[in-house]
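Worksheet: the structure to be examined is printed underneath.
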Amino acid sequence: MPERRRKWKILLMHLVLLPTLLFAFYFFTLAPKSWEGVDEAVVEKIAREHGREATAPLIDPGSGDLLLFGFLVGGAVAGFAAGYYWRQLTGKDK
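Take 1 as the starting number for the sequence shown in full-length UniProt numbering and just add one per residue.
Written out as structure tokens, the structure is:
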């Protein structure tokens, strides 16, 4: 009997999650244009209002999401290190 209840719970979970995920995917594909980042929407707009134009960065990460990938890798390394040394960081002993 417990196996039967487990199967029903899994089925109900899928019946709720699948339409929710499909709706969320459909909703976010309805955007009329690509979203602007903070740089374009705020920083460059205010800089133009004050008579300054954007300049090339000192270290150019290139186009695409290379910089975001770098932050992702750095965060993952820091997370693993913090998890490994958690007891030493918090001062708690076994």
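C-beta: ideal position from N, C-alpha, C; glycine also.
All of these numbers come straight from a predicted model, not from anything done at the bench.
The three-state reading of DSSP puts residue 61 in coil, since its state is none of H, G, I, E or B. CA-to-CA, the gap between residue 14 and residue 25 works out to about 16 Å.
For the alpha helix (DSSP H) assignment, the uninterrupted runs of no fewer than 4 residues enclosed by the segment 12-86 are, from N- to C-terminal side, 44-49, 66-84. Ranking 72, 47, 31 by CA distance to the CA of residue 38 puts 47 first. Counting only the Cα atoms, residue 43 lies some 18 Å from residue 60.
Between residue 89 and residue 78, the CB-CB gap reaches or exceeds 9 Å.
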